[in-house]
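What follows is a single structure, written as structure tokens, with notes after it.
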Amino acid sequence: MLEDFSITRILSVFGLFLITAIAEILGCYFPYLILKEGKSTWLWIPTIASLALFVWLLTLHPTASGRIYAAYGGIYIFTALMWLRFVDQVALTRWDLLGGIVVLIGASLIILQPQGLIR
1 MLEDFSITRI LSVFGLFLIT AIAEILGCYF PYLILKEGKS TWLWIPTIAS LALFVWLLTL
61 HPTASGRIYA AYGGIYIFTA LMWLRFVDQV ALTRWDLLGG IVVLIGASLI ILQPQGLIR
């Protein structure tokens with residue numbers, strides 16, 4: 001059972017979730033720039049590419065879709081908070097940090113469960 005929890009495997013699963021979250025966030029951010037900030041409609045091209053990548057990446061996750069979505073949701077929230085801090089340049093509150101930690105712990109429990117996502 002310990003071989004299932006190799007650091008390489010764990011990092012690859014979390015990395016896949018992180019890349020998936022970034023693809024989804026970009027797929028939503030580009031239309032925001034178009035519709036809210038009047039940026040070029042050419043941004044629809046990377047929007048479509050980002051969302052197509054997001055959907056394809058979801059197919060690479062190694063377990064039942066409901067479990068993937070539950071675990072991914074926690075990673076997405078954490079990634080969105082990092083986006084808020086580093087892209088939007090908004091300081092995180094202690095509530096943001098606490099919430100991010102709680103969902104990251106929850107996602108980790110789902111991902112690292114015996115015979116869970118990393119199998």
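Just so you know, UniProt numbering puts 54 at position 54 of the sequence shown, and the rest follows in order with no gaps.
Think of the CB as a built atom: it goes at the ideal place given N, C-alpha and C, for glycine as much as any other residue.
In the displayed model, L11 falls within a helix according to three-state DSSP. Taking the Cα of A23 as reference, the smallest distance to any Cα among T63, I75 and T8 is reached at I75. For the pair W83 and I25, the CB atoms are nearer than the 8 Å cut-off. For I110 and F17, the gap between their C-alpha atoms comes out near 13 Å. Nearest in C-alpha terms to V103, of all of I77, R94, Q113 and T93, is I77.
Considered as a whole, the region 13-100 harbours 44-60 and 65-86 as its complete alpha helix (DSSP H) runs of no fewer than 4 residues, in chain order. Setting aside the 5 residues that flank it on each side, G100 is surrounded in the same chain by I77, F78 and L81, each with a C-beta closer than 7 Å to its C-beta; the list follows chain order. Taking a C-beta distance under 8 Å as the contact criterion, G73 and T47 do not qualify as a contact pair. Counting the other Cβ atoms within 10 Å of the Cβ of F30 gives 16 or more, which makes it buried. Here DSSP, grouped into helix, strand and coil, assigns S6 to coil.
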